[in-house]
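Protein sequence lines, in the order shown, are assigned to chains A and B. Sequential numbering from 182 applies to the first sequence in this note's numbering. Sequential numbering from 2 applies to the second sequence in this note's numbering. We put the CB at the ideal spot given by N, CA and C, even for glycine. Worksheet for the structure shown next.
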Amino acid sequence: DAGVTQSPTHLIKTRGQHVTLRCSPISGHKSVSWYQQVLGQGPQFIFQYYEKEERGRGNFPDRFSARQFPNYSSELNVNALLLGDSALYLCASSLEGTASNQPQHFGDGTRLSIL
Amino acid sequence: AQSVTQPDIHITVSEGASLELRCNYSYGATPYLFWYVQSPGQGLQLLLKYFSGDTLVQGIKGFEAEFKRSQSSFNLRKPSVHWSDAAEYFCAVGPPSGNTPLVFGKGTRLSVIA
């Protein structure tokens with residue numbers, strides 16, 4: 182079975198632009214979470230979706246938004262890009278629910294570079 | 002607020018030597034505890050987790066970790082390191098209930114020398 186897939190793998194944008202990152206969870210997984218990993222840091226939680234509803238939001242500005250589709254895939258949107266948004270964006274899926282005892286399976290991430 | 006501290010930014014060990022990566026957490030109650038590994042250009046892979054019960058947990062790739070409540074620690078160990086273990090290692094905590102997401106440490110980069 183395919184793991185969590187993210188697209189694109191790399192992306193270069195300039196300040197002020199917007200970007201859409203995509204994530205397909207493992208088949209059968211209903212929960213998707215997004216994390217931002219700045220170089221040299223651990224992943225930082227952005228959003229969690231379960232059954233197409235937002236179940237958690239991290240400490241990120243409103244420029245960040247996300248949604249989950251009926252097939253459980255997800256998009257992360259970032260508007261008005263800043264240099265500080267340069268990071269690896271990770272998507273993780275889990276089978277059921279949002280409790281932390283649900284093992285999260287991570288994709289390889291999208292490397293976003295802002296010039 | 003929950004926090005995770007990994008005191009060692011970078012560790013270098015010789016192949017075949019033993020390894021211990023440190024992790025300390027700050028949490029109101031005993032959290033769920035995790036160790037993840039990240040190879041260059043890849044996502045995170047779960048090595049092991051602790052929810053309750055036996056404080057010594059076994060994971061994949063020959064890793065184990067010991068939960069010590071009195072020290073708020075969850076150190077990762079491996080008796081004999083292989084060159085393929087070179088990677089970034091992250092400790093994370095999560096709540097035993099509710100929807101609060103995982104909180105990760107800043108990671109420890111492991112280098113393995115011949």
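Residue i - partner residues in DSSP beta bridges
| i | result |
| --- | --- |
| Lys194/A | Ile295/A |
| Gln59/B | Glu65/B |
| Asn282/A | Note: Asn282/A sits in no beta bridge, so no partner. |
| His11/B | Arg110/B |
| Tyr117/B | With chain B covering 2 to 115 only, the question about residue 117/B has no answer from this structure. |
| Ser214/A | Gln229/A, Ala273/A |
| Leu220/A | The partner list for Leu220/A (beta bridge, DSSP) is empty, contrary to what the question assumes. |
| Glu21/B | Arg78/B |
Beta strand (DSSP E) segment containing residue i, residue limits
| i | result |
| --- | --- |
| Lys79/B | 74-79 |
| Ala93/B | 88-95 |
| Val200/A | 200-205 |
| Leu103/B | Leu103/B -> no beta strand (DSSP E), and no H or E assigned at all. |
| Val82/B | Per DSSP, Val82/B belongs to no beta strand (DSSP E) and is neither H nor E. |
| Arg116/B | Residue 116/B lies beyond the stretch modelled for chain B, which goes from 2 to 115, so this question has no answer here. |
| Lys50/B | 45-51 |
| Leu34/B | 33-39 |
| Ser188/A | 186-188 |
Proximity of residue i and residue j at Cβ, strictly below 7 Å
| i | j | result |
| --- | --- | --- |
| Ala261/A | Arg244/A | yes |
| Phe75/B | Leu49/B | no |
| Ser214/A | Gln229/A | yes |
| Phe226/A | Pro102/B | yes |
| Pro224/A | Leu257/A | no |
| Phe68/B | Tyr51/B | yes |
| Cys24/B | Gln7/B | yes |
| Ala66/B | Leu77/B | yes |
| Val14/B | Cys92/B | no |
| Val113/B | Val82/B | yes |
| Ser255/A | Cys204/A | yes |
| Tyr37/B | Leu47/B | yes |
Please identify, using Cβ separations under 8 Å, the residues of the segment 220-237 of chain A that lie next to chain C, in order along the chain. Of the chains in the structure shown, none is chain C; the protein chains are A and B.
At least three beta-carbon pairs within less than 8 Å, the segment 14-33 of chain B to the segment 193-202 of chain A: no
Just list the beta strand (DSSP E) runs in the segment 235-276 of chain A, keeping only unbroken ones of 3 residues or longer that don't cross its boundaries, in chain order. DSSP runs (the beta strand (DSSP E)) wholly in the segment 235-276 of chain A: 245-249, 255-259, 268-275.
Is the segment 264-279 of chain A touching the segment 219-229 of chain A, taking contact as three or more C-beta pairs under 8 Å? A contact exists between the segment 264-279 of chain A and the segment 219-229 of chain A.
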